[in-house]
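A.B. asks:
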Amino acid sequence: MAATTAPDLLRRAARLQILTVVWMAIEALVTLLAAWTAQSPALFGFAGDSAIERASAVKVLWRFRTQSDSAKAEKLAARFAGALLFLLAAFIVVTSGFSLLGHREPRPSVIGIVVLAVAAAGMPWLASQKRKLATQLASASLRADAAESALCGYLSLIALAGLLANAILHTPWADPIAALALVPFIVKEGCEVFHGS
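With our numbering, letter number 170 in the sequence shown gets 1521, and the count goes up by one each step, no holes.
Shown next, in the form of structure tokens:
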């Protein structure tokens, strides 16, 4: 079997980023509609994660398509991804706070449960593929984007637990609590990505 060349690795990274951009656009739109209908902080947080991950994937795709050998582009893309993780954490705190203060009581969402289940199954695979390529390419920005994909998978599991608890046990507070449970992990990952760039 022939050794994989740098241009081949860059093409594979670009394809993974295109897949991420397309999936995140679909996921963000469907989840946002489900979140609006259900008034679910966990789904709003997940939709925010999807939108942020899409923006990060676009930025990393740009990095591989336009300046694949530029250290400055690599650092900029990694810092952008780290900053987006902080933005996501703030978004989740705000939406969950509104729910816990009684401004919104989340309702069960079958569509939300389905989207979260699909993300829980698919995002770990996507993250692992990005991590492998990030190591082969020594790419901090792709590593940061892989972390965001992994966080999307974790967030989907936690949000799914909250939505299922709300749907089965009729506990609307479980939804925002589930969303808040991931904030420390997101902030930690954001610090590592931002300062490691």
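C-beta atoms are modelled at their ideal positions from N, C-alpha and C, and glycine is treated no differently. A quick note: this is a predicted structure, and the numbers were derived from the prediction, not measured.
If you check the beta carbons only, do Ala-1432 and Ala-1495 fall under 7 Å apart?
C.D. replies: As a first step, residue 1432 is located in the sequence shown; it is residue number 81 there, counting from the start. As a first step, residue 1495 is located in the sequence shown; it is residue number 144 there, counting from the start. In contact: Ala-1432 and Ala-1495 (Cβ atoms closer than 7 Å).
A.B. asks: Nearest-angstrom Cα distance between Val-1550 and Pro-1535?
C.D. replies: For the chain, the structure presents residues 1352 to 1548; residue 1550 sits outside this window and is missing.
A.B. asks: Within 10 angstroms of the Cβ of Thr-1522, are there 16 or more other Cβ atoms? Answer buried if so, exposed if not.
C.D. replies: As a first step, residue 1522 is located in the sequence shown; it is residue number 171 there, counting from the start. Answer is exposed; the Cβ neighbour count stays below 16.
A.B. asks: Please state the DSSP three-state secondary structure of Glu-1543.
C.D. replies: In the sequence shown, residue 1543 corresponds to position 192, counting from 1. Helix at Glu-1543.
A.B. asks: Whether or not the region 1439-1448 and the region 1524-1538 are in contact is what I'm after, with contact meaning three or more pairs of Cβ atoms, one per stretch, closer than 8 Å; do they touch?
C.D. replies: A contact exists between the region 1524-1538 and the region 1439-1448.
A.B. asks: For Val-1544, count neighbouring C-beta atoms within 10 Å of its own C-beta (all shown protein chains included) and say buried if the count is 16 or more, exposed if not.
C.D. replies: Within the sequence shown, the letter at position 193 stands for residue 1544. The residue in question, Val-1544, is buried, as its Cβ has 16 or more Cβ neighbours within 10 Å.
A.B. asks: Do the region 1457-1474 and the region 1383-1402 meet, that is, are 3 or more Cβ pairs less than 8 Å apart?
C.D. replies: Segments in contact, yes.
A.B. asks: Label Thr-1371 either buried or exposed according to how many other C-beta atoms from any shown protein chain fall within 10 Å of its C-beta, with 16 as the threshold for buried.
C.D. replies: Here residue 1371 refers to the residue found at position 20 when the sequence shown is read from its first residue. That one is buried.
A.B. asks: How long is the line joining the alpha carbons of Met-1352 and Lys-1539, rounded to whole angstroms?
C.D. replies: On the sequence shown, residue 1352 is found 1 positions in, with the first residue counted as 1. On the sequence shown, residue 1539 is found 188 positions in, with the first residue counted as 1. In this prediction, Met-1352 has a pLDDT of 44, which is less than 50 and means its spatial position is unreliable; nothing more can be read from the coordinates.
A.B. asks: For the alpha helix (DSSP H) containing Thr-1486, list its first residue and its last residue.
C.D. replies: By one-based count along the sequence shown, residue 1486 stands at place 135. Per DSSP, Thr-1486 belongs to the alpha helix (DSSP H) from 1461-1488.
A.B. asks: In three-state terms, what does DSSP make of Gln-1368?
C.D. replies: Position 17 of the sequence shown, counting from 1, holds the residue named residue 1368. Correct three-state label for Gln-1368: helix.
A.B. asks: Assuming Ala-1532 contacts Leu-1508 under a Cβ cut-off of 8 Å, what Cβ separation, rounded to an integer in Å, is found between them?
C.D. replies: Residue 1532 sits at position 181 when you count from the first residue of the sequence shown. Residue 1508 sits at position 157 when you count from the first residue of the sequence shown. Not a contact, Cβ separation roughly 10 Å.
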